[in-house]
Amino acid sequence: MDFDPHASTIESSSADGIVHEVQNLGINEESSTNITCFSDVFNDIPIHFQIICFPKQIYAWIGCQTARFGSLYAAASTRPNNIVSVTSLLGGTSDNTGSGIARRIVLKTGVPVTLACNIPKDSPMLEAHVEKKLIQKLIFLGYTKSKPQAVTS
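With UniProt numbering applied, the sequence shown covers 1 to 153.
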């Protein structure tokens, strides 16, 4: 079959093939992006959250006192042992506050996570509170892995 640039129709088998390929990409009306924003206060410190949930990935931003972007981390499970790997994409080389949170979110959700984090380094109580609030919201939104069912005999 030769390509004719002046032809105005596509053979039905070609059109069906294109539709099939798009369906294989996982793009459909059910695949949606959900954006959730909320704030909290811990010891008189305002904390702001933004969660963008894609069908197979989560982006989260945590801001402490300001709307500054902070450090950016990416975390995902790696094969063959499903160990979570985390890397710093922007900043964050001297502290592991955001990397620890990103790692634990991947373990809870089972999907890759991109986390922007603006939390002071030397505040473990604040870090624990922020992570707890983020996990609670992800559970509420339905983005955590279900626990394996115990086998009963």
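Ideal Cβ placement from N, Cα and C applies to all residues, glycine included.
- Cβ-Cβ separation between Val84 and Val111: approximately 11 Å, too far for a contact (criterion under 8 Å).
- Just so you know, the alpha carbons of Gln50 and Leu134 end up roughly 9 Å apart.
- A distance below 6 Å between beta-carbons, with the five flanking residues on each side excluded, links Cys37 to the following residues of its chain, in chain order: Gln50.
- Taking C-alpha positions only, Val86 is separated from Asp44 by approximately 31 Å.
- The Cβ-Cβ distance between Leu126 and Gly98 does not fall below 7 Å.
- Its Cα nearest to that of Thr78, the residue Val113 stands out among Ser39, Val113 and Tyr143.
- Gly100 carries a helical assignment under DSSP once its states are collapsed to helix, strand and coil.
- In the structure shown, the three-state DSSP call for Val106 is helix.
- Taking the Cβ atoms as the reference, Thr109 lies roughly 5 Å from Thr144, within the contact range of under 8 Å.
- Its chain contains no residue whose beta carbon lies nearer than 6 Å to that of Phe140 once the 5 sequence neighbours on both sides are disregarded.
- Boundaries of the beta strand (DSSP E) harbouring Gln57: Gln57 to Cys64, taken from the DSSP string.
- In summary, Arg103 is buried, with 16 or more beta-carbon neighbours lying within 10 Å of its beta-carbon over all protein chains present.
- Contact between Ile47 and Ser39 is confirmed by a C-beta separation of about 7 Å, below the 8 Å threshold.
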